[in-house]
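Numbering (the UniProt record's numbering), first residue to last: 1 to 629.
Structure below.
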C-alpha cells in the first residue's frame with residue numbers, strides 16, 4: 001500500500017496530542033484502512049471497529065473531541081470547526097492512507113461487502129459529495145449575491161463585471177458533472193483522467209450544438225439516440241463512472257496488453273463509454289434525477305406542511321446517523337433542474353433550532369463551563385451553519401434541549417414547507433448565507449428561522465437541562481470500590497497470559513479465575529458498552545470511573561457463543577447485580593482460557609481505587625503498580 005508522504009500534511013503543533021490520543025485509542029495506525037474528513041468529522045474506516053468501539057468513551061474525553069459516531073461502516077470522531085487541523089496532525093504523524101487520494105488499501109476490507117445495501121449506498125454518496133460541497137457552496141454564494149445586486153439595480157446584467165462574476169458563480173454548477181466525475185472515480189477506483197474524458201464529451205461544444213432541447217432524437221451509426229443537456233446534472237456522471245469502473249477493472253485491465261495500454265485502454269474506453277452514455281446511461285440518469293426531484297416537489301406542493309415537519313424536526317437525527325447524504329443529490333438536482341430547492345429551507349429550520357437550544361442552555365445553566373460551551377458553539381452555528389458542537393456537546397448530553405430543538409425545527413420547517421419557501425443555491429444555512437434564500441419567499445424564510453431559533457431557546461429554558469450524566473451524584477460507587485464480576489480466585493494482571501492485559505496497557509486492575517458462570521456488575525453505574533461478541537462489557541460509575549470486564553482470552557473468536565448478557569448499553573446496574581450467564585464449560589471445551597480481567601481503563605484520572613474479593617482487598621493508588629492492602 002502506498003502511503004502519503006508526511007510532508008504533504010504540515011503538522012499543527014496544537015493538535016498533535018489530540019491526534020496521538022485518537023489514533024492510539026482506535027487501535028493504532030495498523031488498524032486504520034483509510035481516513036478522510038468532512039466539515040466537522042474525522043471519518044475512519046477500520047479493520048476492527050470493536051477496538052475503537054471499546055474506547056469510545058475515552059475518545060469522547062480527549063480535549064477537542066465533541067463526540068463519537070459509529071455509522072455507515074465508519075468510526076467518526078466529531079471535532080467541529082477545527083477538523084482540518086486535527087486531520088493534518090493525524091496525517092503528519094502517522095502513515096495512514098487518505099481516502100481522498102483514491103489509493104486506499106482494499107485488501108483487508110472490501111467496501112462492497114460491508115454492511116447492508118443502504119449503508120453502502122450512503123457511504124458512497126458521502127464519499128462522492130463531501131469533497132465538492134465547499135466549492136459548490138462558495139460558487140453558490142456568488143450567484144446569490146449577483147441576484148441581490150441586479151435585483152436592486154446595483155449592477156447591470158450587461159456589464160463585463162457581471163459577466164466575470166457570473167462565470168465564477170456558474171463554474172461549479174455548469175461543470176458539476178466533471179466535479180462529480182473526479183470524486184466518483186476516486187470512490188469507484190477508476191482512472192480519473194479517462195473518467196474525466198468520458199464525461200467531458202457530454203459538455204464538448206460539438207455535442208452541445210446537437211442538443212437543442214432534451215428529448216431531441218439523432219442517430220449513431222443508424223441507432224437512435226435521445227439527446228439531453230448534461231450541464232449541472234448529478235446522477236448521469238455518477239452512474240457512468242460506476243459502470244466504467246467495472247468495465248475498466250474487469251475487462252480493460254485484463255485484456256488490454258500492457259505494452260499498448262497507454263493509448264489502447266483510453267481509446268477503447270472512450271469509443272464504448274461515450275456512445276453508451278449518450279444513448280443509454282445519460283438519458284436514464286437525467287430521467288431518474290428529474291423523477292426524484294419531481295416526486296419531492298410533488299410531495300412538498302401537496303403537503304408542504306407535513307414535509308417541513310418531518311425534515312425540520314428530523315434532520316438533526318439524519319445527520320447524527322449519517323444518512324442525510326441520501327437527500328443532498330436531490331437538493332442539488334433541484335437547483336440544477338428548477339433553479340430552486342424547497343428542501344434546504346426546511347433544513348435551515350433544524351440548524352437554527354440547534355442554535356436556539358444553545359442560547360437556551362446559556363441562559364438556563366448555572367455551570368460556567370456549560371455556559372462557555374453554549375456560547376462558543378452558538379457562534380459557528382449562526383455564522384457557519386455548523387451545529388455538531390451544540391448537538392453533541394449540549395443537546396445529546398442533556399437530552400431536554402434535543403427535545404426542544406426537535407419541536408422547534410418541526411414547527412418552523414412545517415411553516416416554511418407550507419409557504420413553499422425556496423433556496424436559489426446550495427449553502428449551509430446561516431446568517432451569512434441569507435442571500436441564498438433571496439426571492440419572493442425570502443420573508444417566509446426569515447420568519448421561519450426566527451421561529452426555529454426563538455421557540456427552541458424558549459422551550460430549552462422552560463424544559464431545563466435535567467440531570468447532566470457526567471455530573472450525577474446519585475448511586476455513586478463508594479470510595480471507588482469494585483467487586484469481582486465472577487466468584488473465583490483473584491490473581492495479579494501480570495500473571496495473565498495475554499500480553500496486552502499483563503502489561504497494563506489498558507489500565508490497572510485484577511484478574512479472576514471464575515468458578516461459576518454467574519456474571520455480576522462490578523460497580524454501580526451505567527453500562528456503556530456491550531460488545532457484539534458479548535465477551536466484554538464496559539461500565540461507568542457516576543463519579544467517572546470507567547471499568548472494562550473482559551471475559552476470557554481470545555474469546556472474541558467465539559462470536560458470542562456461550563454468552564448470555566442480560567443488560568444493554570445505557571442500562572443502570574447496581575454493584576453485585578446479576579447481569580448475565582457464561583457457559584464456562586463450553587469455553588474450556590473449545591480450548592479457551594476463561595480468566596476474566598477487571599480493569600479501570602481511566603486509571604490515571606481515577607487515581608486511587610480498590611477491589612474487594614472474598615478474602616481480601618487490593619488497593620491501587622499508583623497507576624504503575626498495585627499494592628495489596
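All residues carry an ideal CB built from backbone N, CA and C; glycine is no exception.
Check	Outcome
Whether residue 180 touches residue 137 by CB criterion (8 Å)	no
Exposed unless 16 or more other CB atoms sit within 10 angstroms - verdict on residue 589	exposed
Beta-carbon proximity of residue 451 to residue 501, cut-off 8 Å	no
Exposure label - residue 301; buried when at least 16 CB within 10 Å	exposed
Own chain residues within Cβ distance below 6 Å of residue 266, not counting five before or after	194
Own chain residues within Cβ distance below 8 Å of residue 392, not counting five before or after	66, 67 and 78
Residue 540 burial status per 10 Å Cβ neighbour count (16 or more: buried)	buried
Own chain, CB closer than 8 Å to residue 223, minus 5 neighbours either side, in chain order	279
Residue from 382, 379 and 358 with nearest C-alpha to residue 371	358
Segments assigned beta strand (DSSP E), at least 3 residues, entirely inside the region 191-252	216-220 and 223-227
Residue 539 Cβ short of 7 Å to the ligand FMN heavy atom set	For the structure depicted, the ligand FMN is absent and the ligand set is empty, with no information on it obtainable.
Residues that DSSP places opposite residue 599 in a beta bridge	509 and 548
Contact check, residue 565 vs residue 595, beta carbons under 8 Å	no
Cutoff 8 Å; reference residue 474; Cβ partners in own chain excluding five residues on either side	Because residue 474 sits at a pLDDT of 42, beneath the cut-off of 50, its placement in the model cannot be relied upon, and the following sentence gives the value as read from the coordinates. Hits under 8 Å: 542.
Reference residue 527, options 19, 31 and 54, closest by Cα	54
Beta carbon of residue 609 nearer than 8 Å to that of residue 493	no
Residue environment, residue 45, which counts as buried when at least 16 other CB atoms sit within 10 Å	buried
Residue closest to residue 83, alpha-carbon to alpha-carbon, out of 245, 59, 98 and 37	37
Residues near residue 50 in its chain [Cβ-Cβ closer than 8 Å; skip 5 each side]	531, 532, 533 and 556
Host beta strand (DSSP E) of residue 488 (start-end)	488-492
Three-way DSSP call (helix, strand, coil) for residue 34 in this model	strand
Rounded straight-line distance, which links the Cα of residue 496 to that of residue 320	40 Å
Sheet register partners of residue 514 (DSSP bridge)	488
Contact set for residue 64: own chain, Cβ-Cβ below 6 Å, skip 5 residues either direction	18
Distance between beta carbons of residue 490 and residue 613, contact taken as under 8 Å	5 Å
Candidates 507, 29 and 151: closest to residue 605 by CA position	507
Rounded separation between residue 611 and residue 509 - CA only	8 Å
Range of the contiguous alpha helix (DSSP H) that encloses residue 413	400-418
Those residues which DSSP pairs with residue 344 across a bridge	Answer is none; residue 344 lacks a bridge partner.
DSSP three-state assignment for residue 476, whether helix, strand or coil	Here the model assigns residue 476 a pLDDT of 43, short of 50, so the residue's position is not dependable and the matter cannot be decided.
Contact check, residue 712 vs residue 348, beta carbons under 8 Å	With the chain represented from 1 up to 629, any question about residue 712 goes unanswered, as that position is not in the structure.
Coil, strand or helix - residue 94 by DSSP	coil
Residue interval of the beta strand (DSSP E) (run including residue 503)	Note, residue 503: premise wrong, no beta strand (DSSP E); not H, not E.
Same chain, Cβ closer than 8 Å to residue 460, neighbours up to 5 away in sequence not counted	356, 357, 359, 360, 361, 364, 400, 401, 404 and 405
Segment contact flag, the region 414-429 with the region 336-344, C-beta cutoff 8 Å, min 3 pairs	yes
8 Å contact criterion, which residue 499 and residue 80 should meet: CB distance rounded	Not really, about 37 Å apart at Cβ, beyond 8 Å.
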